[in-house]
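Written below as structure tokens is the structure these notes are about.
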Amino acid sequence: MNGIHDLGGMDGFGRVVVETDEPVFHEPWERRVFGMLAAISFTRVANAHVYRHAVERMDPQHYLDASYYERMMTGLATLLVERGMLDRATLDARVPGGFPLARPPHPDAVADAQQTVAADAESARDASHGAASPRFHVGDAVRVRNFQPHGHTRCPRYVHGRCGVVVRVDRPFALPDLAAHTDRVHREPTYGVRFTVAELWGAPAAARDTVCVDLWQSYLEPADTVTR
Amino acid sequence: MNGIHDLGGMDGFGRVVVETDEPVFHEPWERRVFGMLAAISFTRVANAHVYRHAVERMDPQHYLDASYYERMMTGLATLLVERGMLDRATLDARVPGGFPLARPPHPDAVADAQQTVAADAESARDASHGAASPRFHVGDAVRVRNFQPHGHTRCPRYVHGRCGVVVRVDRPFALPDLAAHTDRVHREPTYGVRFTVAELWGAPAAARDTVCVDLWQSYLEPADTVTR
Amino acid sequence: MSEHDRDEHDHGDAHHPAPRSPAEVRARALEELLTGAGIVDPTFIDGVVTAYERDIGPMNGARVVARAWVDAAYRTRLLADGTKAIAELGYGGPEGEHMVVVENTSGAHNVVVCTLCSCYPWPVLGLPPNWYKSPAYRARIVREPRAVLAEMGLVLSESVEIRVWDSSAEIRYLVLPERPPRTETLSEDDLAALVTRDAMIGTARVASPQIPPPHTPPRQTPPHQEPVTA
Amino acid sequence: MSEHDRDEHDHGDAHHPAPRSPAEVRARALEELLTGAGIVDPTFIDGVVTAYERDIGPMNGARVVARAWVDAAYRTRLLADGTKAIAELGYGGPEGEHMVVVENTSGAHNVVVCTLCSCYPWPVLGLPPNWYKSPAYRARIVREPRAVLAEMGLVLSESVEIRVWDSSAEIRYLVLPERPPRTETLSEDDLAALVTRDAMIGTARVASPQIPPPHTPPRQTPPHQEPVTA
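Residue numbers (my numbering), protein chains in the order written: chain V, 17 to 244; chain Y, 17 to 244; chain B, 123 to 352; chain R, 123 to 352.
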């Protein structure tokens with residue numbers, strides 16, 4: 017989803033505020049929330065992709081207002097309610113004004129994720145016979161496909177349609193787009209893809225700085241030429 | 017700027033809430049704010065582009081938390097302080113906790129705007145001798161350039177790099193990118209450019225629906241082919 | 123000037139004990155400083171606000187639409203040059219200087235948005251409703267127009283092409299809705315009374331009159347209605 | 123169970139009269155329901171939180187860096203397979219299963235972010251600081267890295283290429299900073315003490331020791347330090 021969580025490249029936030037001698041937790045309740053997340057992750061009631069998508073589905077206003085641990089708590093409570101392990105009414109009854117949860121997934125989320133895989137025919141074929149040989153190699157020019165699913169994805173909006181160069185081929189990992197919405201485990205290679213800031217932001221081509229984004233194979237297509 | 021105001025295509029906001037029998041104003045102070053904006057606009061202390069950019073520079077969290085008229089008030093107060101017509105300390109002293117204003121413009125705002133014009137050589141040449149003949153015509157395929165200035169622009173992020181067809185040529189208007197940051201009035205043709213939702217969002221190509229976005233000539237370059 | 127002005131304002135509100143919202147406190151501070159410095163004239167504020175509350179609203183656009191429905195030549199002029207044709211009925215001004223009218227047909231439905239702020243054709247529709255200014259509408263109508271319209275109660279056939287217009291530059295858009303069936307005998311005023319704000323933004327259709335009035339004489343404009351003085 | 127549990131919790135806090143924030147109220151409600159239903163064990167929470175407060179933090183990454191500085195073979199292994207080389211020192215676990223170490227040189231500076239959430243290499247750096255999780259850092263470091271680093275106090279020569287790494291998939295990154303000058307005589311432990319969290323994220327350099335200690339004997343690990351039990 018093109019959610020508020022997809023912050024890369026958004027302007028207007030001002031300076032990065034650094035706290036000196038920062039404690040690991042600022043409030044006692046933050047410790048408990050982190051501990052609950054760790055405990056739930058051990059129960060394997062949901063994978064990390066399900067959890068991340070629950071956080072992403074928070075109302076954008078709430079997302080920006082909330083601290084990291086409030087977002088963690090909201091995502092955790094949301095997935096536990098959605099998995100039937102917590103009763104929403106019981107939760108609401110204990111909090112004045114109710115316990116704010118994230119919104120439900122978009123109705124097209126599953127269909128969009130399936131289309132993401134189908135569009136990469138080679139990935140789909142490899143997965144069907146259990147293999148997952150990398151389609152791209154270090155040095156290859158690739159373009160990020162213009163796909164914008166309504167569900168979970170780990171393809172940031174700021175690389176859509178942009179060209180980069182593969183700098184690292186990693187071993188296959190489960191595609192988050194499917195893992196967040198279905199029980200289907202579809203593993204495919206991921207790649208470190210390097211983009212110039214000029215390619216990403218239309219900055220002066222003199223800028224040599226680069227951003228490397230880690231992307232699943234289904235997110236990519238071959239590119240003929242690329243700004244290096 | 018890629019600001020929070022540039023909302024087109026962002027997911028996660030939920031349903032559109034419609035109020036029945038809605039009054040023109042919900043609170044008496046909203047009436048006064050609208051009246052003040054109207055009064056200031058008559059004084060010509062700043063043009064609409066300066067005002068819009070002042071609103072866009074609000075902290076994203078404040079922007080989403082604020083109602084339309086609170087955004088209006090914040091933008092208005094910001095530009096009046098920046099133009100020296102209001103003293104910030106005097107304003108702050110009258111409001112418990114201070115009067116929240118928008119952030120200052122990005123240091124690269126002016127340079128970025130000048131580069132936007134320079135990149136469209138034809139626009140630049142036309143403007144230099146006072147002419148402004150349209151470079152594109154109805155039916156032409158165009159692509160939105162990949163330019164992402166840190167200052168004001170009226171090119172929404174969701175059309176960056178996308179191809180469309182010119183459906184209307186409008187008369188020259190002052191380029192907001194310059195008008196928001198400088199006294200330079202650079203008029204160039206604007207175009208209604210129609211994009212398919214498939215082109216914009218990677219939706220199934222069967223979707224025939226379209227979005228027409230109005231774009232200044234400097235935002236566009238010729239495209240060879242385009243999804244219609 | 124600060125304490126004195128503030129006291130006067132507070133005194134004026136002595137019978138209104140509700141606590142002020144932070145936004146209200148800011149708005150008062152701003153107005154006090156601007157009027158105190160002579161930058162803004164309070165009577166100007168009163169006048170302009172009253173105009174938008176009484177005279178400048180969707181009833182103006184409704185007259186444009188009704189005229190286009192009954193007068194084919196006007197309709198042609200309206201679609202060719204919206205600004206000029208709308209001015210024929212006496213409407214114009216801020217946010218209406220460059221009007222384009224887009225016409226709904228059986229095969230194409232138009233809907234208007236401003237994703238970047240909340241641009242809106244003030245002279246013909248007045249000030250925009252909250253939903254038009256909401257992040258949900260601004261974000262979603264360009265991405266999933268069919269779903270948003272359906273949620274808002276307008277279910278369109280798959281055969282109808284939706285055309286979204288993002289008011290990103292200086293043009294302001296007005297949708298010319300389809301004239302509903304069973305309105306052949308209605309007067310221009312009666313037709314105007316059917317036309318809603320949402321139909322002229324494009325999130326609704328104009329509905330047929332609920333009770334067909336085949337033998338009703340044309341209604342007159344109610345005598346208490348304010349003259350249009352936009 | 124609800125009222126009883128709540129009373130017990132409230133009783134436990136009778137000496138803490140500060141009003142609870144909305145987030146705190148929610149966190150308590152969540153924990154009460156999860157522990158009441160037997161889904162979460164409070165002692166597990168205590169254990170895991172204590173581990174991240176005491177044992178799992180940037181002192182682990184600092185040992186990795188110091189080892190790479192003094193042991194060329196280890197450095198080679200670390201850059202070839204970060205996960206395995208880090209495990210040699212006993213570090214691993216959640217958010218550290220797939221480590222890639224990127225090395226700063228005189229011509230290239232690395233900096234790490236997670237724009238989509240706040241992924242971070244927990245086993246070597248602990249839990250991330252607030253600034254790393256802030257919208258400002260996540261939004262800006264990929265767009266204007268040079269300006270952000272300068273604002274944070276790291277001014278890089280124009281000749282240095284900045285390489286930003288967005289942890290968007292399963293890899294977690296650790297920056298191997300440049301060994302500062304005037305550290306030839308320092309022990310591995312002394313070197314580790316110089317290495318800061320921010321240097322391993324890439325928003326700072328490792329500074330030379332302020333007073334060159336040419337004849338100081340190598341310091342021992344302080345006896346009160348907890349053993350590393352990640």
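We treat Cβ as the ideally placed atom computed from N, Cα and C, and that holds for glycine.
### Query
Counting Cβ pairs closer than 8 Å, one from the segment 194-210 of chain Y and one from the segment 78-91 of chain Y, do we hit at least three?
no
### Task
Express the C-alpha separation of THR94(Y) and ARG244(V) in angstroms, rounding to a whole number.
Confidence at ARG244(V) is low in this model, with a pLDDT of 44, below 50, so its placement is unreliable and the value that follows should be read with caution. About 41 Å.
### Message
Residues of the segment 186-213 of chain R in Cβ contact with chain V at a cutoff of 8 Å, in chain order, please.
### Response
none
#### Entry: Cutoff 8 Å: ILE323(R) Cβ touching any chain V Cβ
no
### Message
Counting only C-beta atoms, is GLN233(Y) closer than 8 Å to chain V at any point?
### Response
no
### Task
For PHE115(V), I'd like the list of residues in its chain whose CB is within less than 7 Å of its CB, leaving aside the five on either flank, ordered along the chain.
ALA93, LEU107 and ASP108
### Query
In angstroms, rounded to a whole number, what distance separates the CA positions of VAL71(Y) and MET88(Y)?
7 Å
### Cut-off 6 Å between Cβ atoms - residues of its own chain near PRO164(B), not counting five sequence neighbours on either side
THR157
### Query
Cα-Cα, which of PRO120(Y), HIS168(Y), GLN130(Y) and GLU215(Y) is closest to VAL160(Y)?
GLU215(Y)
### Query
In chain B, what lies closer than 8 Å to PRO76(V) by C-beta?
PRO257
### Message
Could you compute how far the alpha carbon of THR302(V) sits from the alpha carbon of SER234(V)?
### Response
Here chain V has residues from 17 to 244 only, and residue 302(V) is not among them.
### Query
How should ARG110(V) be labelled, buried or exposed, when 16 other C-beta atoms within 10 angstroms of its C-beta is the threshold for buried?
buried
### Query
Closest to HIS153(V) by CA distance: which of PRO121(V), ALA190(V), PRO238(V) and VAL40(V) is it?
PRO238(V)
### Top-ranked residue by Cα proximity to GLN194(V), from GLY177(V), MET52(V), ALA223(V) and ASP124(V)
The sequence given here places Leu at residue 194(V); Gln does not occur at that position. Comparing Cα positions, the closest option is ASP124(V).
### Query
Going by other Cβ atoms of all chains shown within 10 Å of its Cβ, with 16 needed for buried, is GLN332(R) buried or exposed?
exposed
### Task
Using 10 angstroms around the beta-carbon of ARG170(V), count the other beta-carbons present and answer buried if the total reaches 16, otherwise exposed.
buried
### Reduced DSSP category for ASP230(Y) - H, G, I as helix; E, B as strand; rest coil
strand
### Task
Whole angstroms is fine: what's the gap from VAL233(B)'s alpha carbon to ASP320(B)'s?
9 Å
### Message
Can you confirm whether ARG244(Y), when its beta carbon is compared against all beta carbons of chain R, has any partner nearer than 8 Å?
### Response
Reliability fails at ARG244(Y), whose pLDDT of 43 lies under 50, so the model's placement of it is uncertain and the value that follows must be treated cautiously. False, the Cβ-Cβ gap to chain R never drops below 8 Å.
### Message
Beta-carbon within less than 6 Å of GLY169(R)'s beta-carbon, same chain only, minus the 5 sequence neighbours each way: which residues are those?
### Response
none
### Query
Per DSSP, what kind of secondary structure is PRO331(B) in: helix, strand or coil?
coil
### Query
With distances taken from CA atoms, which of VAL34(Y), GLY28(Y) and VAL126(Y) is nearest TRP253(B)?
VAL34(Y)
#### Entry: Neighbour list for TYR174(R) in chain V, Cβ cutoff strictly below 8 Å
VAL40 and PHE50
### Task
List the DSSP bridge partners of ALA190(Y).
ARG203(Y)
#### Entry: Three-state secondary structure assigned by DSSP to THR172(R)
helix
### Task
With DSSP as the reference, label PHE69(V) as helix, strand or coil.
Per the sequence shown, residue 69(V) should be read as His rather than Phe. Correct three-state label for HIS69(V): helix.
### beta strand (DSSP E) segment containing MET17(Y), residue limits
Run containing MET17(Y): none; DSSP gives neither H nor E here.
### Query
Is there contact here, the segment 194-201 of chain B with the segment 256-267 of chain B, by at least three beta-carbon pairs under 8 Å?
no
### Query
With a Cβ-Cβ cutoff of 8 Å, do VAL227(Y) and VAL264(B) count as a contact?
yes
### Query
With which residues is VAL185(Y) paired in a DSSP beta bridge?
TYR207(Y)
### Task
Since I believe MET221(R) is in contact with THR205(R) (beta carbons under 8 Å), could you give me their beta-carbon distance rounded to a whole number of angstroms?
4 Å
### Message
Taking 8 Å as the limit between beta carbons, can you name the residues of its chain near ALA118(Y), skipping five residues before and five after?
### Response
ALA70, VAL71, GLU72, ARG73, MET74, ASP75, THR90, GLY91 and THR94
### Task
Return yes when the Cβ of VAL126(V) is within less than 8 Å of the Cβ of HIS202(V), no when it is not.
no
### Query
Within 10 angstroms of its Cβ, does SER256(R) collect 16 or more other Cβ (buried), or is it exposed?
buried
#### Entry: Against chain A: residues of the segment 20-31 of chain Y by CB proximity under 7 Å
The structure shown has no chain A; the protein chains it does contain are V, Y, B and R.
### Task
Quick one: grab the DSSP three-state call for MET221(B).
strand
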